[in-house]
Amino acid sequence: MRLTSLLAWIGRQATALVAFIGRAAQFIWSILAAVADVRTWVPLTAVQVRRIGVDSIPVALFIALFTGIVL
16 MRLTSLLAWI GRQATALVAF IGRAAQFIWS ILAAVADVRT WVPLTAVQVR RIGVDSIPVA
76 LFIALFTGIV L
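Quick note, the numbering used here runs 15 ahead of the 1-based positions in the sequence shown.
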């Protein structure tokens, strides 16, 4: 009985490992396909860089103001 449960556990672990490797391979393939599609990610990257950089200046100034008041 114990040998059967041990073999079942090993089988479940092996199945889970193979499934994980398959999901990781699909993920990597999706990344490579997306990187090749320059027309999609270049404009989106430019918008996000502006949003993170320039559009966050008022927030940074607000935080700096209140940090200066506290100190």
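Glycine residues also receive a C-beta, built at the ideal position from the N, C-alpha and C atoms.
Requested in this report: Closer than 8 Å by C-beta to A49: which residues in its own chain qualify, once you throw out the five before and the five after it? Chain order, please.
Outcome: The residue you call residue 49 lines up with position 34 of the sequence shown. Closer than 8 Å at the Cβ level, and outside the excluded window around A49, lie T55, W56.
Report task. Mind listing, in chain order, the continuous alpha helix (DSSP H) runs of no fewer than 4 residues lying wholly within the segment 33-81? Result -> Complete alpha helix (DSSP H) runs here, min 4: 53-68.
Report task. Give the secondary structure of L21 by DSSP, where H, G and I count as helix, E and B as strand, and everything else as coil. Result -> The residue you call residue 21 lines up with position 6 of the sequence shown. Residue state, collapsed to three classes: helix.
**Report entry** Separation of V53 from D70, as counted between CA atoms
**Finding:** Here residue 70 refers to the residue found at position 55 of the sequence shown. Here residue 53 refers to the residue found at position 38 of the sequence shown. Roughly 25 Å between the two C-alpha positions.
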